[in-house]
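These notes are about the structure you will find just below.
Protein chains in written order, with the working numbering: chain A, 1 to 276; chain B, 1 to 250.
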């Protein structure tokens, strides 16, 4: 029994790895219904008129790419299909490459032109002060876009002087930027905002959903897969939900196994004796 | 003796894995599975780096260490370049320094933030360290002034609203009302659990026990989300390896 309680952790890693590989090779399907917080982001974008301005803040880097890049791609598919003017930016210097790649690759599928249909403002340091600067004048916050173009000359930014002129903002975050956007942007300049985040910070974001400081939330790969389903562009996140479900079942089994063996071996009684 | 034997096994595992990786890539290039272009070579390097990072799951090893340091170095180098081209060049170099040396109209007001920034770096000198205090005083003063009212409004006053909503709305279903009651119960019971001025006996004890249950459920939810997040990262890399590198799946 003691041997079962001290299994080499590498056996568990191997089991999880095999479960992921097997569930990617074996063909089966599971439904991915959209949850209300994800549905609300979709509905908001769906309700925007053609030519409305959507600002996406790509606040993540390659270490969170697997969760947030599928979200960004699905959002961009939906936005370009709807004919929205997309404005991209990032608070994370390591995120510029991913944001640029996502915007250009999806825009080319819908024959969208840079400067006219979408712009990428790039990275600026500052966090809260950058947001407040954008709230006063977006052109002084970003004098030039990522490619060095004067932001006052970009047709896609026509009619956008500050954050107040943005029709909808979505922050895709792997850190604290959602809170920063809410505190220094949304509450101060009164625009509607949604958010996408990694699963790890997902539970911390639900209070903002409840207080209606954000209108919708996509948390982790599941949130991305739900949005892909809604936007009818099933891709990596949707594919990832099969191994996700299988590995979750495996983790539950491991937890149950560990607890059953712990109780059978009398570990619970000896622990209680020690605590006395 | 056992330690030496283990080291020898580890050496052969490392050498074998690297040889196998080289052989597989050579085969892929010869068979045309990977094109001999920047994209093909990039895919090969990305696959190698992914496997090197995951090799830590077996044991800490030199390959993992090399790749770990490479990641830190590349990330820092990339950040420096992006900060120069996205922030320093358009916001300081072009409007202030270039006109100063070409005789054009310069934005002299930018001298203030430029010197404040330079002062911050003077913490490394003993004689001029006092100048860095000016910058810190400015940053802390501005930061506190801007942050405190915004934080109180956003994270305290606005967060109190959900626990103060009416339980029964006209025309709403029963579920939102139950949610409102649960939020109220959660807030009160957890606050009582952390209230140590009264002994946790009787009704206070019962409420604090309910608070513990709320805390346990929230820890469980956080753990569940963390498992999902970590699995997502693994799944993403496995999809990359199987689709882009090995070509086993579509």
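Note that beta-carbon positions come from the ideal geometry of N, C-alpha and C, so glycine has one too.
- Interface annotation, residue 90/B: in contact with chain A, CB-CB separation under 8 Å.
- Taking 8 Å as the cut-off, the beta carbon of residue 197/A is found no closer than this to the beta carbon of residue 170/A.
- With a cut-off of 8 Å on Cβ pairs, the segment 204-217 of chain B is in contact with the segment 184-195 of chain B, counting three or more such pairs.
- The C-alpha of residue 124/B lies about 10 Å from the C-alpha of residue 132/B.
- Cβ proximity to chain A below 8 Å picks out 153, 154, 155, 158, 159, 161, 162 from the segment 153-164 of chain B.
- For residue 82/A, the enclosing alpha helix (DSSP H) begins and ends at 65-82.
- In this structure, the CA atom of residue 130/A is about 17 Å from the CA atom of residue 94/A.
- In this structure, residue 24/A sits near residue 239/B, with a CB-CB distance shorter than 8 Å.
- Check the Cα spacing between residue 116/A and each of 35/A, 151/A, 137/A: the tightest is with 151/A.
- Residues of chain A with a Cβ closer than 9 Å to the Cβ of residue 227/B are, in chain order, 199, 247, 248, 251.
- The criterion of a C-beta distance shorter than 8 Å is satisfied by residue 194/A and residue 216/A.
- The segment 48-58 of chain A makes contact with the segment 81-96 of chain A, as at least three CB pairs between them are under 8 Å.
- Rounded to whole angstroms, the gap between the alpha carbons of residue 28/B and residue 36/B is 10 Å.
- Look at residue 168/B here: in three-state DSSP terms it is coil, with no helix or strand label.
- With its beta carbon less than 8 Å from one in chain B, residue 213/A belongs to the interface.
- Taking C-beta separations shorter than 6 Å and ignoring five residues to either side along the sequence, the partners of residue 183/B in its chain run 162, 163, following chain order.
- Contact check for residue 146/A and residue 120/A: beta-carbon distance about 5 Å, within the 8 Å limit, so the pair qualifies.
- DSSP places residue 218/B outside any beta strand (DSSP E); the residue lies instead in the alpha helix (DSSP H), whose first and last residues are 202-239.
- Boundaries of the beta strand (DSSP E) harbouring residue 85/A: 85-90, taken from the DSSP string.
- At a cut-off of 8 Å between beta carbons, residue 122/A contacts chain B.
- Distance from the CA atom of residue 227/A to the CA atom of residue 241/A, rounded to whole angstroms, is 12 Å.
- In the three-state DSSP reduction, residue 249/A falls in the helix class (H, G or I).
- Sequence-distant partners of residue 14/B (beyond 5 residues in either direction) whose C-beta falls short of 7 Å from its own C-beta, in its chain, are 61, 63.
- For residue 188/B, the nearest beta carbon of chain A is not closer than 8 Å to its own beta carbon.
- Residues of the same chain with a CB within less than 7 Å of the CB of residue 33/B, apart from the 5 flanking positions on each side, are 247 in chain order.
- Here residue 113/B has no same chain residue with a Cβ atom under 6 Å from its own Cβ, once five neighbours each way along the sequence are excluded.
- Taken in chain order, the complete alpha helix (DSSP H) segments of 4 residues or longer contained in the segment 196-225 of chain A are 202-210.
- Exclusion of the five residues before and after residue 56/B leaves 64 as the residues of its chain whose Cβ lies within less than 6 Å of its Cβ.
- For residue 139/A, there is no enclosing beta strand (DSSP E); the residue is part of the alpha helix (DSSP H) that begins and ends at 138-141.
- Contact note: residue 69/B does not reach chain A at a C-beta cutoff of 8 Å; the least C-beta distance is about 16 Å.
- Within the same chain, 50, 54 come within 8 Å of residue 237/B by CB-CB distance, once the 5 residues on both sides are set aside.
- Under the 8 Å criterion on CB atoms, residue 146/B is classed as interfacial with respect to chain A.
- For residue 59/B, the CB contacts under 8 Å within the same chain, skipping 5 residues up- and downstream, are 10 in chain order.
- By the Cβ neighbour-count rule, residue 185/A is buried, with 16 or more other Cβ atoms within 10 Å of its own.
- Straight through space, the alpha carbons of residue 254/A and residue 261/A are spaced by roughly 10 Å.
- Using a Cβ-Cβ cut-off of 8 Å, residue 44/A does not count as an interface residue toward chain B, since no Cβ of chain B sits closer than that to its own.
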